[in-house]
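Chemist:
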Amino acid sequence: VPRLIAPRPLDMAFAGLALTVVASAINFAVAVVLLRAGRAHDSITLEADGRHLMTDVWTSAAVLVGVTLVVITGWLRLDPLIALAVSVHILWTGFGLMRRSVRGLLDPAISAEDQSEVSKLFEEYSRRYGVSFHAVRTRQAGARRFVSFHLLVPDA
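First residue of the sequence shown: 738, per this note's numbering; consecutive thereafter.
Below, the structure is given as structure tokens:
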């Protein structure tokens with residue numbers, strides 16, 4: 738905010754741009770790998786690391802655009818304005834990750850699609866073996882899914 742009120746010229750803009758491009762390329766590659774692994778393994782930890790790095794990539798992209806425009810136009814207030822926009826993006830990403838993390842701590846029920854598969858399986862066993870099920874509960878912890886139920890078997 739102080740630079741918005743009293744703008745200052747940028748120091749070593751071109752060296753900073755070059756380093757930012759290299760660091761962003763590396764961060765992007767690692768972020769893609771982490772995000773894919775996070776989705777594949779349903780791991781909030783891997784996804785959080787990937788999103789953190791991707792936030793760094795977006796931050797660096799905004800800095801590149803901002804610094805380039807400041808150098809071209811000479812409008813010094815653009816740099817702190819872009820910094821504020823990047824701050825909002827970081828807060829938004831962090832809020833989303835915190836929301837997903839809290840959800841993971843609560844061991845939520847499995848997805849409706851997975852619950853439907855469990856129901857189909859129970860129906861098949863009921864038809865085939867004459868058993869019945871009740872008190873079915875499901876939960877998910879990371880990549881693991883749990884189903885608990887009471888099984889009623891017919892008198893023999």
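Backbone N, C-alpha and C fix where the C-beta goes; we use that ideal spot for every residue, glycine too.
For T810, list the residues DSSP reports as bridge partners.
Modeler: As a working mapping, residue 810 is identified with position 73 in the sequence shown. Its beta-bridge partners do not exist; DSSP assigns none.
Chemist: So the candidates are A762, M791, V804 and G879; which of them puts its Cα closest to the Cα of F751?
Modeler: Taking the sequence shown and counting its residues from 1, the one referred to as residue 751 is at position 14. Checking every option, the nearest Cα to that of F751 belongs to V804.
Chemist: Helix, strand or coil: which one does DSSP assign to V884?
Modeler: By one-based count along the sequence shown, residue 884 stands at place 147. V884: strand per DSSP, three-state reduction.
Chemist: Please report the straight-line C-alpha distance between A878 and P739, rounded to a whole angstrom.
Modeler: Numbered from 1 along the sequence shown, position 141 holds the residue referred to as residue 878. Numbered from 1 along the sequence shown, position 2 holds the residue referred to as residue 739. About 45 Å.
Chemist: Kindly give me the distance between the Cβ atoms of T757 and V800, rounded to whole angstroms, as I take these residues to be in contact under 8 Å.
Modeler: The residue labelled residue 757 in the question sits at position 20 within the sequence shown. The residue labelled residue 800 in the question sits at position 63 within the sequence shown. With a Cβ gap of about 6 Å, T757 and V800 count as contacting.
Chemist: Any idea if G867 is buried or exposed, counting beta-carbon neighbours within 10 angstroms, 16 or more meaning buried?
Modeler: Position 130 of the sequence shown, counted from the first residue, corresponds to residue 867. Counting Cβ neighbours within 10 Å, G867 comes out exposed, since fewer than 16 surround it.
Chemist: Answer yes if the region 781 to 800 comes into contact with the region 822 to 838, meaning at least three C-beta pairs across the two stretches below 8 Å, and no otherwise.
Modeler: Yes: the two stretches touch, three or more of their Cβ pairs being nearer than 8 Å.
Chemist: Taking Cβ to Cβ, would you say T796 is nearer than 8 Å to V823?
Modeler: Reading the sequence shown from its first residue, position 59 is the one you call residue 796. Reading the sequence shown from its first residue, position 86 is the one you call residue 823. Going by C-beta atoms, T796 is nearer than 8 Å to V823.
Chemist: Tell me the rounded alpha-carbon separation between A798 and H871.
Modeler: Taking the sequence shown and counting its residues from 1, the one referred to as residue 798 is at position 61. Taking the sequence shown and counting its residues from 1, the one referred to as residue 871 is at position 134. If you take the alpha carbons of A798 and H871, they lie about 54 Å apart.
Chemist: Hey, could you find the ends of the alpha helix (DSSP H) A878 is sitting in?
Modeler: Translated into the one-based positions of the sequence shown, residue 878 becomes position 141. Taken as a continuous stretch (DSSP letters only), A878 belongs to no alpha helix (DSSP H), being part of the beta strand (DSSP E) at S869 to A878.
Chemist: What does L889 pair with, by DSSP beta-bridge criteria?
Modeler: Numbered from its first residue, the sequence shown carries residue 889 at position 152. Bridge partners of L889: S869.
Chemist: Could you give the residue range of the alpha helix (DSSP H) that holds A774?
Modeler: Along the sequence shown, read from residue 1 onward, the residue named residue 774 stands at position 37. Counting along the chain, the alpha helix (DSSP H) containing A774 begins and ends at A750 to H778.
Chemist: State the start and end residues of the unbroken alpha helix (DSSP H) segment that holds A743.
Modeler: Residue mapping note: residue 743 aligns to position 6 of the sequence shown, counting from 1. Counting along the chain, A743 falls outside any alpha helix (DSSP H), and DSSP gives it neither H nor E.
Chemist: How many angstroms separate the CA atom of R865 from the CA atom of V884?
Modeler: Here the question's residue 865 lines up with position 128 in the sequence shown. Here the question's residue 884 lines up with position 147 in the sequence shown. Approximately 20 Å between the Cα atoms of the pair.
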